[in-house]
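Peer 1:
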Amino acid sequence: MAQENKLVAEFQKSDIEIVRVSLTQYRNKDYFDIRLYYQEEGEWRPTKKGLCLSQGLFLEFKKAVRALEKALAK
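The sequence shown begins at 1 in the numbering used here and counts up by one.
Take a look at the structure:
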């Protein structure tokens with residue numbers, strides 16, 4: 001079954017690693033994915049390190065990120 005990905009954002013973690021945030025669909029279900037990628041032979045490849053959640057959990061995830069932001073500000 002085909003998997004569709006739409007890149008939303010990415011940022012550099014190190015010289016050989018980036019973090020990508022994407023929207024994906026698998027088996028007619030919508031997800032958001034935050035995943036670590038590494039560079040091999042000039043191409044970015046996904047690792048198993050990451051988080052993939054249903055889009056229905058986005059508001060809960062957003063609350064968690066806001067709580068983290070407040071904790072880091074202290």
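Beta carbons are placed, not taken as given, at the ideal position from N, Cα and C, and that holds for glycine.
Keep in mind it's a predicted model, so treat the numbers as computed, not measured.
1. Candidates Lys49, Asp30, Lys63 and Phe58: which alpha carbon is nearest Asn5's?
2. Among Ala67, Leu72, Leu51 and Ala9, which one has its Cα closest to the Cα of Arg35?
3. When burial is assigned at 16 or more other CB atoms within 10 Å of the CB, is Ser54 buried or exposed?
4. When you compare only the Cα positions, how much space is there between Tyr38 and Pro46?
5. If you follow the alpha helix (DSSP H) that Lys63 is in, where does it begin and where does it stop?
Peer 2: On the basis of the supplied data:
1. Asp30
2. Leu51
3. exposed
4. 7 Å
5. Phe58 to Ala73
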